[in-house]
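Participant:
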Amino acid sequence: MKQIQSTAGFKSEIDKHRGKTIGMVPTMGALHAGHTSLVERSVKENEVTVVSIFVNPTQFNDANDLLKYPRTMKSDLAMLSDILGPDDIVFTPEADDIYSDENIPSIDLGHLDKIMEGKHRPGHFMGVVRIVKILLDLCQPCRAYFGRKDFQQLAVIRTLVRQTGIKTEIIGCPIVREANGLAMSSRNARLSPSMRQKAGIIYHTLKKYHQQTVPFGIKELKKKVREEINSYDRFNVEYFEIVDDNELKELSSVKDIKQGISYTGCIAVHAGEVRLIDNIQFSFLFPKG
Ligand code: PAF
Numbered sequence: 006m007k008q009i010q011s012t013a014g015f016k017s018e019i020d021k022h023r024g025k026t027i028g029m030v031p032t033m034g035a036l037h038a039g040h041t042s043l044v045e046r047s048v049k050e051n052e053v054t055v056v057s058i059f060v061n062p063t064q065f066n067d068a069n070d071l072l073k074y075p076r077t078m079k080s081d082l083a084m085l086s087d088i089l090g091p092d093d094i095v096f097t098p099e100a101d102d103i104y105s106d107e108n109i110p111s112i113d114l115g116h117l118d119k120i121m122e123g124k125h126r127p128g129h130f131m132g133v134v135r136i137v138k139i140l141l142d143l144c145q146p147c148r149a150y151f152g153r154k155d156f157q158q159l160a161v162i163r164t165l166v167r168q169t170g171i172k173t174e175i176i177g178c179p180i181v182r183e184a185n186g187l188a189m190s191s192r193n194a195r196l197s198p199s200m201r202q203k204a205g206i207i208y209h210t211l212k213k214y215h216q217q218t219v220p221f222g223i224k225e226l227k228k229k230v231r232e233e234i235n236s237y238d239r240f241n242v243e244y245f246e247i248v249d250d251n252e253l254k255e256l257s258s259v260k261d262i263k264q265g266i267s268y269t270g271c272i273a274v275h276a277g278e279v280r281l282i283d284n285i286q287f288s289f290l291f292p293k294g
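Set out below in structure tokens:
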């Protein structure tokens, strides 16, 4: 694999591969098994794979979060060298360089920017859209791979691609979990060993409630999930919503549930100092008669 830092160097290298299938895995580094599953899939499905590692400052609405974001370039490169082949590229740009030539895209995220992550992290998705647009424009991959852990981000990136006419196919990949069920995340490295172990309760609580027989109350269901997680010391639910997979409209009443539509329960939890997100598919069983 080749590591390239400058955008000019990256452009000239990737241009040598035009005509081949190119897969891209954008990351912010601190790689874990969730990332490597995306990279392995790209390697399997494409002739050339590009992994970008860039802790994108424009998507952090909290300066402290940006400061504390884990940076592990050396071990990231070692991990990638086990998977990538000689033609594959690891792109590790600097902020001044990658943002030097940018036309900020005018994307209307509408409702997506006002709920859940959009509501609680103002400006976050515009930062994601800016960097992903730059990366996809530079690389022009056939396919780009993103984890389903960032469920709302995936919807945002699909909106970006639809509104700008970018030709890349956006592929959402399954969540990879630690042995206790905790969704893999670069942020997990910031949890103490005991909090990391306890954080498995987020997934276990989602799993406990993810199949529901109608009728029941949506408000009561959401309250139960929140209360159960909040009952653990230093765990605090920021939001828990159940949204439909098409438009990510928040479900507020049983009346609005449509059969044949998939729903996802999305949660953000503060585990001590560390903010974690997760999601699970919800299914609603309608009793016959
Ligand atoms: O999911 C991430 O790691 C980031 O949001 C992304 C897509 C690499 C953009 O910085």
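Terminal number for the sequence shown in our numbering: 294, no gaps in between. Think of the CB as a built atom: it goes at the ideal place given N, C-alpha and C, for glycine as much as any other residue.
(1) Do you know offhand how far residue 132's Cα is from residue 65's?
(2) What are the start and end residues of each continuous beta strand (DSSP E) run of 3 or more residues lying completely inside the region 121-191, in chain order?
(3) Roughly how many whole angstroms lie between the Cα atoms of residue 50 and residue 228?
(4) Does the region 78-97 come within contact of the region 50-59, defined as at least 3 CB pairs closer than 8 Å?
(5) Which two residues bound the contiguous alpha helix (DSSP H) that contains residue 225?
(6) Kindly examine the ligand PAF and report whether one of its heavy atoms sits closer than 7 Å to the Cβ of residue 284.
(7) So, do the region 105-113 and the region 144-153 have three or more beta carbon pairs nearer to each other than 8 Å?
(8) Taking the continuous alpha helix (DSSP H) assigned at residue 78, which residues delimit it?
(9) Taking Cβ positions, are residue 196 and residue 272 nearer each other than 8 Å?
(10) Please state the DSSP three-state secondary structure of residue 41.
(11) Can residue 155 and residue 208 be called in contact, C-beta distance under 8 Å?
(12) Helix, strand or coil: how does DSSP classify residue 290 here?
(13) Just to confirm my understanding: we take residue 258, look at its own chain, exclude 5 residues before and 5 after, and list those with CB closer than 7 Å. What are they?
(14) If you measure between the beta carbons of residue 32 and residue 58, is that distance less than 8 Å?
(15) Report all residues from its chain with a CB closer than 6 Å to the CB of residue 47; omit the five preceding and five following residues, and keep chain order.
(16) Following a CB-centred definition, is residue 103 positioned closer than 7 Å to any heavy atom of the ligand PAF?
(17) Just checking, does the region 177-187 make contact with the region 243-259 on the three C-beta pairs under 8 Å criterion?
(18) Under the assumption that residue 244 contacts residue 125 (Cβ atoms under 8 Å), give the Cβ distance between them as a whole number of angstroms.
(19) State the start and end residues of the unbroken beta strand (DSSP E) segment that holds residue 57.
(20) Over what stretch of residues does the alpha helix (DSSP H) that includes residue 212 continue unbroken?
(21) Would you call the CB atoms of residue 35 and residue 194 closer than 8 Å?
(22) Can you find a heavy atom of the ligand PAF that lies under 7 Å from the Cβ of residue 108?
(23) Take residue 290 and list the residues in its own chain whose beta-carbon comes closer than 8 Å to its own, dropping the five residues that flank it on each side.
(24) Under a three-way DSSP split, which group does residue 115 fall into?
(25) Who are the near neighbours of residue 158 in its chain, counting only those whose CB is closer than 8 Å to its CB and skipping five residues on each side?
(26) Helix, strand or coil, according to DSSP, for residue 20 in the structure here?
(27) CB of residue 302 to nearest heavy atom of the ligand PAF: below 7 Å?
(28) Which residues bound the alpha helix (DSSP H) around residue 68?
(29) Which residues in the same chain have their Cβ closer than 6 Å to the Cβ of residue 176, if we skip the five residues on either side of it in sequence?
Facilitator: Result, derived from the coordinates:
(1) For this step, residue 132 is matched to residue 127 along the sequence shown. For this step, residue 65 is matched to residue 60 along the sequence shown. Roughly 8 Å between the two C-alpha positions.
(2) Runs of the beta strand (DSSP E) lying entirely within the region 121-191 and spanning at least 3 residues, in chain order: 148-152, 174-178.
(3) Position 45 of the sequence shown, counting from 1, holds the residue named residue 50. Position 223 of the sequence shown, counting from 1, holds the residue named residue 228. Rounded to the nearest angstrom, the two C-alpha atoms are 42 Å apart.
(4) yes
(5) Residue mapping note: residue 225 aligns to position 220 of the sequence shown, counting from 1. From DSSP, the alpha helix (DSSP H) with residue 225 extends over 223-235.
(6) By one-based count along the sequence shown, residue 284 stands at place 279. No, the beta carbon of residue 284 sits no closer than 7 Å to any heavy atom of the ligand PAF.
(7) Contact between the region 105-113 and the region 144-153 is absent: fewer than 3 CB-CB pairs across the two stretches fall below 8 Å.
(8) Within the sequence shown, residue 78 is the residue found at index 73, counting from 1. Residue 78 -> alpha helix (DSSP H) spans 78-86.
(9) Your numbering for residue 196 matches position 191 in the sequence shown. Your numbering for residue 272 matches position 267 in the sequence shown. The answer is no: Cβ separation not under 8 Å.
(10) As a first step, residue 41 must be located in the sequence shown, where it is residue number 36. In this structure, residue 41 counts as helix in the three-state DSSP scheme.
(11) The residue given as residue 155 occupies position 150 in the sequence shown. The residue given as residue 208 occupies position 203 in the sequence shown. Cβ atoms of residue 155 and residue 208: not closer than 8 Å.
(12) For this step, residue 290 is matched to residue 285 along the sequence shown. It is a strand residue.
(13) Your numbering for residue 258 matches position 253 in the sequence shown. Spatial neighbours of residue 258 in its own chain (CB-CB distance under 7 Å, excluding positions within 5 residues in sequence) are listed in chain order as 223.
(14) Counting from 1 along the sequence shown, the entry for residue 32 is found at position 27. Counting from 1 along the sequence shown, the entry for residue 58 is found at position 53. Cβ atoms of residue 32 and residue 58: closer than 8 Å.
(15) Sequence index remark: in the sequence shown, residue 47 carries index 42 (1-based). These residues qualify, in order along the chain: 28, 30, 54, 150.
(16) As a working mapping, residue 103 is identified with position 98 in the sequence shown. Residue 103: no, Cβ never under 7 Å from the ligand PAF.
(17) no
(18) Taking the first residue of the sequence shown as 1, we reach residue 244 at position 239. Taking the first residue of the sequence shown as 1, we reach residue 125 at position 120. Sure, about 6 Å apart at Cβ, within 8 Å.
(19) As a working note, residue 57 is residue 52 in the sequence shown. For residue 57, the enclosing beta strand (DSSP E) begins and ends at 53-58.
(20) Residue mapping note: residue 212 aligns to position 207 of the sequence shown, counting from 1. Note, residue 212: alpha helix (DSSP H), 205-214.
(21) The residue given as residue 35 occupies position 30 in the sequence shown. The residue given as residue 194 occupies position 189 in the sequence shown. Contact annotation: residue 35 and residue 194 have beta-carbon atoms nearer than 8 Å.
(22) For this step, residue 108 is matched to residue 103 along the sequence shown. Checking the Cβ of residue 108 against the ligand PAF gives no.
(23) The count along the sequence shown starts at 1 and reaches residue 290 at position 285. Closer than 8 Å at Cβ, skipping near neighbours: 216, 217, 218, 219.
(24) As a working mapping, residue 115 is identified with position 110 in the sequence shown. DSSP places residue 115 in helix when its eight states are reduced to three.
(25) Working through the sequence shown from its first residue, we reach residue 158 at position 153. Taken in chain order, the residues that qualify are 122, 130, 133, 151.
(26) Residue 20 sits at position 15 when you count from the first residue of the sequence shown. Helix, per DSSP.
(27) In the structure as shown, the chain starts at 6 and stops at 294, and residue 302 therefore has no counterpart that could be examined.
(28) Locating residue 68 in the sequence shown gives position 63, counting from the first residue. Residue 68 -> alpha helix (DSSP H) spans 68-73.
(29) Reading the sequence shown from its first residue, position 171 is the one you call residue 176. Excluding positions up to five away in sequence, the list reads 148, 150.
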